[in-house]
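Okay, so the sequence shown: first residue is 27 according to our numbering, each after it adds one. Even for Gly, the Cβ is constructed at its ideal location relative to N, Cα and C.
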Amino acid sequence: MPEKNNSVKQFSELVNILGTSTKTNDKLDALSNFFATANDKDKVWVIALFSGRRPKRAVNSTQLQNWCIELTNLPQWLFEESYHTVGDLAETIALLLPENISSQHSNTLHYYLEQLIVIEKQDESIKKKFIQDCWREMNTEERFVFNKLITGGFRIGVSQQTMVNALAKTTNLSSSVIAHRISGNWDPITTSFEQLTSEKISSVDYSKPYPFYLAYALDEDFTTLNNPKEWQAEWKWDGIRGQIIKRNGELFVWSRGEELMTEKFPEYHLLKDLLQDGTSLDGEIIVLSKSASDNIDFMPLPFAALQTRIGRKNITKKQLTEAPISFVAYDLLEINGEDYRERTMTERREALEKIVKNVNNPVLKISPIVEFETWDQLSTIREKSRELGSEGIMLKRKNSIYQVGRKRGDWWKWKIDPLVIDAVMIYAMKGHGRRSNLYTDYTFAVKDGDKLTSFAKAYSGLTDEEFAQVDNFVKRNSIEKFGPVRTVKPELVFEIAFEGIAASNRHKSGLALRFPRINRWRKDKKVDEINTLDDLKKMLEQYGK
């Protein structure tokens with residue numbers, strides 16, 4: 027029999043606080059209270075959920091929709107209209123199902139999650155009975171959270187660092203040790219809370235990566251960083267942040283998102299013989315094209331080239347040839363099995379240079395140091411970033427240690443200004459989470475002769491007040507309706523910013539933008555003043571590869 031104490035209600039209350047509070051301390055207190063009072067299995071699952079370890083989806087959206095319609099006896103069109111109005115499937119179902127006020131029979135969080143894993147490969151009839159029985163025993167708030175566990179659609183504004191700090195408040199471990207413990211490839215079903223938080227480690231996971239140290243954007247006058255000689259400058263690369271680890275005779279490749287990617291990049295396999303045991307390198311997974319210049323002996327290809335390799339189980343010989351992968355190392359976290367993170371940047375760099383030199387293979391490169399004497403000189407160098415395939419400059423204090431998470435003060439990213447284009451909004455969809463009742467997801471177009479051609483989608487960059495104004499415009503100026511999408515009068519002009527541009531056969535415009543977002547609302551411009559598809563193609567010629 028599943029446990030009845032510490033029901034999923036406790037987790038739903040936690041989710042409500044994390045999803046509605048805007049204060050970090052409130053979120054920290056809520057998580058700390060949960061870790062202090064919940065049962066250990068539920069604690070493990072919360073750590074897993076908030077660090078990206080969700081179970082495989084057992085039920086699809088159509089099934090959830092049909093089973094809800096069956097219980098509520100609603101016509102299909104009314105359910106769909108409700109869904110389009112609410113904008114979130116999990117919330118729509120939770121609101122439509124008859125209210126169950128008592129909710130005295132709901133089970134623990136880990137019971138539901140583990141049952142979802144059990145039913146994943148079972149017949150639809152078994153899945154249907156389990157889901158509908160769960161709905162019957164929950165109240166609206168619990169159903170919403172339960173549905174989110176199924177759909178995997180949590181968008182909760184809590185960082186992994188906040189969760190780590192909350193665990194540190196309720197255990198005897200430091201936040202850096204906890205961050206390391208909860209990283210890597212562990213299973214919430216077979217891993218106990220004690221294993222994650224005990225002062226003694228019961229077993230060794232040779233694959234476990236270190237938590238990544240992240241830089242803050244330099245949004246202040248760089249001269250406030252004082253003496254330039256205290257800083258190391260490097261190029262900022264646009265690839266996949268990763269770690270390469272060699273331990274116990276095995277090689278492991280991790281992404282920053284804690285995805286084990288060893289088999290996706292066979293080029294790295296030779297490093298198993300070239301790196302010594304007990305080595306962990308931090309760097310960038312990137313596609314390089316040989317191209318000498320004054321400052322750098324290699325040229326990265328656009329991120330689009332790397333995308334041809336991501337998500338593929340089988341890599342073809344053609345892909346290996348057209349998109350050869352290298353690892354551009356810029357930090358050393360472990361050497362000879364010794365944690366090197368408390369050493370200074372200068373010490374780590376010296377040791378890293380020796381490792382790369384000894385490997386002596388083009389699959390492993392070291393990120394070049396950008397030499398400069400003054401801040402003005404570095405500013406001039408930074409302007410050449412895009413032509414070198416870089417996003418800008420990284421600044422790292424030479425005496426800094428390798429910290430955990432995003433910390434201010436020692437590591438800064440000084441990115442180049444984005445590319446921008448003026449475009450008109452032509453489609454709108456409702457957002458998610460707290461914006462599920464507003465039209466906040468937009469599609470933009472540029473002029474293409476006498477017609478408009480869509481080229482990008484964006485859902486960030488406006489203030490809450492501006493989103494509300496655009497939402498009002500969409501509701502008053504909708505032309506057509508295609509499910510959740512509204513076609514709107516092409517009248518609102520926005521400046522769209524993006525980091526890069528590449529040719530694409532998958533897009534109507536023939537182009538794909540890197541990180542498009544709304545830069546500003548151009549209320550001063552009319553539709554006939556927006557940019558053209560030819561303008562974008564010229565950008566492709568100049569900045570694309």
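Beta-carbon spacing of residue i, residue j below 9 Å
| i | j | result |
| --- | --- | --- |
| G189 | V34 | It is Met, not Gly, that sits at residue 189 in the sequence shown. Cβ atoms of M189 and V34: not closer than 9 Å. |
| I606 | L222 | Here the chain has residues from 27 to 571 only, and residue 606 is not among them. |
| Q269 | P235 | yes |
| P328 | R540 | yes |
| N173 | E117 | yes |
| K549 | V514 | no |
| T479 | K563 | no |
| A184 | K53 | Checking the sequence, you will find Val at residue 184 rather than Ala. In contact: V184 and K53 (Cβ atoms closer than 9 Å). |
| R488 | I447 | Here residue 488 is Leu; the residue named in the question, Arg, does not match the sequence. No, they are not a contact pair. |
| L390 | F353 | yes |
| S393 | E525 | no |
| T166 | A120 | yes |
| N387 | L286 | no |
| S47 | Q186 | no |
| R546 | E521 | yes |
| P350 | L296 | no |
Under the three-state DSSP convention, the category residue i falls into
| i | result |
| --- | --- |
| F238 | coil |
| E168 | helix |
| E525 | coil |
| P292 | helix |
| V34 | helix |
| W263 | coil |
| D213 | coil |
| L75 | helix |
| E276 | strand |
| M27 | Here the model assigns M27 a pLDDT of 37, short of 50, so the residue's position is not dependable, and the following value carries that caveat. M27: coil per DSSP, three-state reduction. |
| A62 | helix |
| S108 | helix |
| D55 | helix |
| Y428 | coil |
| K226 | coil |
| R282 | coil |
| A538 | strand |
| V41 | helix |
| S319 | Note that S319 scores 44 on pLDDT, short of 50, meaning its location in the model is unreliable and no value can be drawn from it. |
| N498 | helix |
| T479 | strand |
| I361 | strand |
| V396 | coil |
| M451 | strand |
| V553 | helix |
| A84 | coil |
| M287 | coil |
| S202 | helix |
| V519 | strand |
From the options, residue whose alpha carbon lies closest to that of residue i
| i | options | result |
| --- | --- | --- |
| Q302 | P350, N59 and E364 | E364 |
| S411 | R502, L240, Y569 and A74 | Y569 |
| Y232 | E125, S306, E140 and D561 | S306 |
| F60 | E39, G45, K424 and R79 | E39 |
| N92 | T63, L122 and L359 | L122 |
| K69 | Q187, V472, S218 and E125 | S218 |
| T370 | Y428, S530 and P350 | Y428 |
| A538 | I527, W547 and R546 | I527 |
| D264 | M325, Q102, H206 and S209 | M325 |
| V144 | L199, A84 and N386 | A84 |
| K298 | K272, G304 and E140 | K272 |
| E106 | N557, P444 and F508 | F508 |
| L115 | T216, G431, R169 and K501 | R169 |
| K153 | I204, N86, T216 and S200 | N86 |
| A330 | V396, I266, L300 and E150 | I266 |
| N126 | Q102, E379 and D159 | D159 |
| D66 | V203, T216 and Q102 | T216 |
Whole-angstrom C-beta distance between residue j and residue i, which should lie under 8 Å
| i | j | result |
| --- | --- | --- |
| L135 | I176 | No, L135 and I176 are not in contact; Cβ-Cβ is about 13 Å, not under 8 Å. |
| P254 | E409 | The Cβ separation is near 17 Å, so there is no contact. |
| W161 | L97 | 7 Å |
| A192 | L57 | 4 Å |
| K456 | G113 | 4 Å |
| K82 | E146 | 6 Å |
Cutoff 9 Å: residue i Cβ touching any chain B Cβ
| i | result |
| --- | --- |
| K439 | The structure shown contains no chain B; it holds only a single protein chain. |
Flag this pair as touching only if the stretch 272 to 290 and the stretch 366 to 380 have three or more C-beta atom pairs under 8 Å; answer yes or no.
no
Any chance the stretch 259 to 274 sits against the stretch 417 to 432, with 3 or more Cβ pairs inside 8 Å?
yes
Can you confirm whether the stretch 463 to 475 touches the stretch 438 to 453 when touching is taken to mean that 3 or more C-beta pairs between the two stretches lie within less than 8 Å?
yes
Report yes or no: do three or more beta-carbon pairs, one from the stretch 236 to 254 and one from the stretch 435 to 443, lie closer than 8 Å?
yes
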